[in-house]
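Here the structure comes first, spelled out in structure tokens, and everything after it is commentary.
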Amino acid sequence: FASSVFAAPLSRSALAVLDVDLDPLVFEASLSVDEQDVVIDGVTVHTLIYKDINNPGAYAGTPDGIPVPKIVANVGDEIKLTVTNDLESPCAAIACTTSIHWHGLELDNDSDGTGVTQNHLVSGETYTYRFKTFRPGIFWFHPHMKPGPQVFAGVYGALIVKNPEEAALEADAKIPSAANTHTV
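Using the working numbering, count along the sequence shown one by one with no gaps and you end on 1187.
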């Protein structure tokens, strides 16, 4: 690639979610679904986002772009993610109820976040998703209760499950180094 391709600064909008559990085999965090103004290409835009409840300073002001939570865990970790619906009705989206649906993960129905397996979270309600990670990969999550309006407004996140062999794979140049890996 030509170096000019990377001349623009990379987005700072993928924000690491704070793990509050001291057990290295458990990733525990809390997100809320909320509204926030952000700046995109110099224009202030009203969005819906996931906010890290345990790291509110990361979402202060108007970040450059939509702030996207990034959960980083290891294969075999237990994920405990509590989500709170802080959207007031009416909200900026057509649907103000919410959930979290996880793409590409093997998990029980009670953590799948679809209308078949979970009731909608109305304003002020909280739900805890619990599951284990079984394989490495890059996954994403988003609301699944009339998902379009919320996803299009900015409510989505990334889940990165690290391979225990990553250091060896990086050393053998089979995967890029951490410095050359970016959440888009």
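We put the beta carbon where it would ideally sit given N, CA and C, even for glycine.
Values in this document were obtained by computation on a predicted structure and should not be read as measured data.
| said: Give me, in chain order, the residues of the same chain whose beta-carbon lies closer than 7 Å to that of Ser-1092; leave out the 5 immediate sequence neighbours on both sides. | reply: In the sequence shown, residue 1092 corresponds to position 89, counting from 1. Around Ser-1092: Cys-1099, Ser-1126.
| Considering Phe-1030, what are the terminal residues of the alpha helix (DSSP H) in which it resides? | Residue 1030 sits at position 27 when you count from the first residue of the sequence shown. Here Phe-1030 belongs to no alpha helix (DSSP H); instead the beta strand (DSSP E) covers 1029 to 1043.
| Is the Cβ-Cβ distance between Val-1164 and Pro-1139 less than 8 Å? | Looking up residue 1164 in the sequence shown gives position 161. Looking up residue 1139 in the sequence shown gives position 136. Contact annotation: Val-1164 and Pro-1139 have beta-carbon atoms nearer than 8 Å.
| said: Quick check on Leu-1013: buried or exposed, where buried means 16 or more other Cβ atoms within 10 Å of its Cβ? | reply: For the purposes of this step, residue 1013 is taken as the residue at position 10 of the sequence shown. Note that Leu-1013 scores a pLDDT of 38, beneath 50, so its modelled location is shaky and nothing firm can be said.
| task | Give the range of the alpha helix (DSSP H) segment to which Phe-1155 is assigned. | result | The residue given as residue 1155 occupies position 152 in the sequence shown. Phe-1155 -> alpha helix (DSSP H) spans 1150 to 1156.
| Quick one, which of Asn-1166, Gly-1116, Val-1086, Ala-1171 has its alpha-carbon nearest Asp-1080's? | Mapped onto the sequence shown, residue 1080 falls at position 77. When each option's Cα is compared against that of Asp-1080, the closest is Asn-1166.
| Selection from Ala-1076, Pro-1152, Tyr-1132 that minimises the alpha carbon distance to Cys-1094 | By 1-based counting over the sequence shown, the position of residue 1094 is 91. That would be Pro-1152, whose Cα lies nearest to the Cα of Cys-1094.
| request: Kindly indicate the opening and closing residues of the alpha helix (DSSP H) around Glu-1173. | output: As a position in the sequence shown, residue 1173 is number 170, starting the count at 1. Taken as a continuous stretch (DSSP letters only), the alpha helix (DSSP H) holding Glu-1173 covers 1169 to 1174.
| query | Tell me the DSSP bridge mates of Gly-1118? | reply | On the sequence shown, residue 1118 is found 115 positions in, with the first residue counted as 1. Gly-1118 pairs with nothing; no bridge assigned.
| query | Going along the chain, which unbroken runs of the alpha helix (DSSP H) with 4 or more residues stay wholly within the segment 1065 to 1119? | reply | none
| query | From which residue to which residue does the beta strand (DSSP E) around Arg-1133 run? | reply | The sequence position of residue 1133 within the sequence shown is 130, counting from 1. From DSSP, the beta strand (DSSP E) with Arg-1133 extends over 1129 to 1135.
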